[in-house]
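Taking the working numbering, the leading residue of the sequence shown gets 1, the next gets one more, and so forth. One structure is given here, and the rest of the page talks about it.
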Amino acid sequence: MDWGMKNRLSQIIKPDGNCFFLPIDHGYFQGPTTSLERPGETIEPLLEYSDALFVTRGVLRSAIPANNSKPIILRVSGGATVVGSDLANEVLTTSIEEIIRLNATAVGVSVFIGSEYENETLQNLSTLVNECEDYGIPVMAVTAVGKELEKRTARFLGLCCRVCAEHGARVVKTYWCEKDFDKVVNGCPVPVVMAGGPKCETETEVLEFVHHGMQCGAIGINLGRNIWQSPNPVPMARSLQAIIHEKASVKEAKDIFDEMKNRAE
Ligand code: 5RP
């Protein structure tokens, strides 16, 4: 691996081998998502706990100050929305020149395996890998399920992760699942990062699934709604950071959460 690729990967994956990505890319297919109406304000108190931001070029240019020092993972697929006919019908939205111009540390692309657009979205991944590898820019594949959240079984997610890695993704983002998540991770030759999905009922539920996923071998999270839609986003981010980078147990993380929350009240 060349120095540039190693350097960029080391910016988003910390020396302990783990990572905490903060995604704020949801608007690219669902518009002004709750708590993300003003993304710059939403992330301001959360940035210190995260390792990288996952964002589109539109929000990057309009809401993130150019003196930002967090690595940027640029979301470079899109072209379909929640009010359109098929969320899976995505294209690559951002050229390699634009990726370089924006000084992205890495890029992210969704792949809709099992959908009508499986072939097209795998081609998007392959094209992006071909272009980004030339410049040492890591590609994160997002194993997307569109509106079909029930697809999140270990068998399906394991297949998706492996296929994305085989197509050249340097990192794969997938959903956590309760049963056999270790098989999802173990079947994937590149690091696996967990997405959050819709908001959980309680903070403890989030801490539990992230902790379990890490025990199964995931290297971290790309968690959005369960942080910035929480009534206590800062304690949520800090307690997740403790699980990811400080090997905190669920109880220790919850204690950190409670302590921060109580202090703020
Ligand atoms: C949207 C994404 C998001 O980055 C991803 O789903 C993580 O966010 P959340 O934790 O809110 O699900 O890729 O397409």
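Backbone N, C-alpha and C fix where the C-beta goes; we use that ideal spot for every residue, glycine too. This one's a predicted model, so the numbers in the text were calculated from it and none came from an experiment.
I want to check one thing, is the minimum distance from the CB of Ala-195 to the heavy atoms of ligand 1 below 7 Å? For Ala-195, the distance from the CB to the nearest heavy atom of ligand 1 is below 7 Å.
Using a threshold of 7 Å, is the CB atom of Arg-61 nearer than that to any non-hydrogen atom of ligand 1? Arg-61 has its Cβ no nearer than 7 Å to any heavy atom of ligand 1.
Who are the near neighbours of Ser-110 in its chain, counting only those whose CB is closer than 6 Å to its CB and skipping five residues on each side? Listed in chain order, the non-local C-beta contacts of Ser-110 below 6 Å within the same chain comprise Ser-77, Glu-90, Val-142 and Ala-144, local neighbours out to five positions each way being set aside.
What span of residues does the beta strand (DSSP E) with Val-139 cover, start to end? Segment 139-143, the beta strand (DSSP E) holding Val-139.
Helix or strand or just coil, what does DSSP make of Gly-220? In the structure shown, Gly-220 adopts extended strand secondary structure according to DSSP, grouped into three states.
Looking only at DSSP bridge pairs, what is Met-194 linked to? Thr-174 and Ile-221.
With hydrogens ignored, establish whether the beta-carbon of His-26 is closer than 7 Å to any heavy atom of ligand 1. Yes - ligand 1 has a heavy atom lying nearer than 7 Å to the Cβ of His-26.
According to DSSP, is Cys-188 helix, strand or coil? Cys-188 falls in the coil class under three-state DSSP.
Contact between the stretch 206-215 and the stretch 163-173 (3+ Cβ pairs under 8 Å): Touching, no.
Provide the residue(s) that pair with Ile-256 in DSSP beta bridges, ordered along the chain. BP columns for Ile-256 are empty, so no partner.
Closer than 7 Å: is that where the CB of Asn-89 sits relative to any heavy atom of ligand 1? The answer is no for Asn-89.
7 Å Cβ shell around Asn-186 - same chain, five flanking residues per side excluded: Excluding positions up to five away in sequence, the list reads Gly-217.
Cα-Cα separation between Ser-62 and Thr-202, rounded to whole angstroms: Going from the Cα of Ser-62 to the Cα of Thr-202 covers about 32 Å.
Cβ pair Asn-226, Val-193 closer than 8 Å: In this structure, Val-193 does not lie closer than 8 Å to Asn-226 by Cβ.
According to DSSP, is Gly-27 part of a helix, a strand, or is it coil? Reduced to three states, the DSSP call for Gly-27 is helix.
Would you mind working out which of Leu-9, Ser-239, Met-1 and Ala-52 sits nearest Ile-24, comparing C-alpha positions? Nearest Cα to Ile-24 within the set Leu-9, Ser-239, Met-1 and Ala-52: Ala-52.
Report whether the distance from the Cβ of Ser-95 to the nearest heavy atom of ligand 1 is below 7 Å. No, the Cβ of Ser-95 stays beyond 7 Å of every heavy atom of ligand 1.
Relative to ligand 1, is the shortest distance from any of its heavy atoms to the C-beta of Val-82 smaller than 7 Å? Between ligand 1 and Val-82, a heavy atom-to-CB distance of less than 7 Å is absent.
Sequence-distant residues of the same chain with beta carbon closer than 6 Å to Lys-151, five excluded per side: Around Lys-151: Val-145.
Unbroken alpha helix (DSSP H) run spanning Val-210, endpoints: Where Val-210 is concerned, the enclosing alpha helix (DSSP H) starts and stops at 203-215.
Per DSSP, the bridge partner or partners of Gly-108: Here Gly-108 is bridged, per DSSP, to Arg-75 and Met-140.
Proximity winner among Phe-54, Lys-251, Ser-50 and Met-140, relative to Glu-166 (alpha-carbon distances): When only C-alpha atoms are compared, the closest one is Met-140.
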